[in-house]
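Read in order, the letters of the sequence shown are residues 868 to 1025 in the working numbering. Think of the CB as a built atom: it goes at the ideal place given N, C-alpha and C, for glycine as much as any other residue. Shown next, in structure tokens, is the structure this report addresses.
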Amino acid sequence: MVLQEMYLQSSNSYWKIKTWASHLVQHLLNITHRQWLYRNARIHLRKVEGLTAAEHEDVIEHVKDMVMVDPADLLPRHRHLLERDFRKLDEGATVDRKLWLQQMRSAISAADSVLTENSIRSCNSAIVGMVVAKYDSYRQLAGVAATKRSNIAKRVRL
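Below is the structure:
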């Protein structure tokens, strides 16, 4: 403030330091108030279709992400979702984009569950294979043991 007061005096300004300081504070408050209004408009102001600007942008970003999904990651019956005209989807209503997003999420979940079921089955078959192998090895050991017992029994009888 001291430097500003010296500047005002040296430049023969009609401003006094108190007047200048009150104007500075008022300008700063106006700037922060305008930022706050902008933020509220972005977050709370509902636009077309009842969504805020941020919600519209969020839907568009999710669509952009889902468009990049590899068709091989989906089941064959859901691959048609990636064959639609995305220009029409982009120009259409947000409700249509949200519906397509839900369909894509469902298709990805279905593909994941089939993949999970297949991996569980393959794990289960591997586990069953190991159990059968162990059982066979135990049977063989038991057979050897049974053969030894019967040989000993035969010797004892003789």
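I need the DSSP call for residue i, collapsed to helix, strand or coil.
i           : result
residue 960 : coil
residue 882 : coil
residue 954 : helix
residue 873 : helix
residue 868 : coil
residue 980 : helix
Taking the alpha-carbon of residue i as reference, which of the options has the nearest alpha-carbon?
i           : options               : result
residue 905 : 877, 956, 894 and 921 : 921
residue 868 : 887, 983 and 895      : 887
residue 954 : 889, 927 and 980      : 927
Could you check how far apart the C-beta atoms of residue i and residue j are, in whole angstroms? I think they sit under 8 Å.
i            : j           : result
residue 1053 : residue 944 : Residue 1053 is absent from the structure shown; the chain starts at 868 and stops at 1025.
residue 978  : residue 941 : 5 Å
residue 918  : residue 936 : About 24 Å separates the two Cβ atoms, so there is no contact after all.
residue 923  : residue 961 : 6 Å
residue 884  : residue 871 : 7 Å
Going by beta carbon distance, what residues of the same chain come within less than 8 Å of residue i, once the five residues before and after it are set aside?
i            : result
residue 956  : 930, 963, 964 and 967
residue 975  : 936, 940 and 941
residue 1016 : The predicted position of residue 1016 is uncertain, since its pLDDT is 48 and thus under 50; a value taken from the coordinates is nonetheless stated next. Excluding residues within five positions, none has a Cβ falling inside 8 Å.
Could you name the residues of the same chain whose beta carbon sits closer than 6 Å to that of residue i, not counting the 5 residues immediately before and after it, in chain order?
i           : result
residue 971 : 933 and 948
Short of 7 Å in beta carbon distance, which residues of its chain neighbour residue i, apart from the five on each side in sequence? Order them along the chain.
i           : result
residue 916 : 960, 961 and 962
residue 875 : 882, 884 and 887
For this session: Mind listing, in chain order, the continuous alpha helix (DSSP H) runs of no fewer than 4 residues lying wholly within the region 914-945?
Result: 920-934
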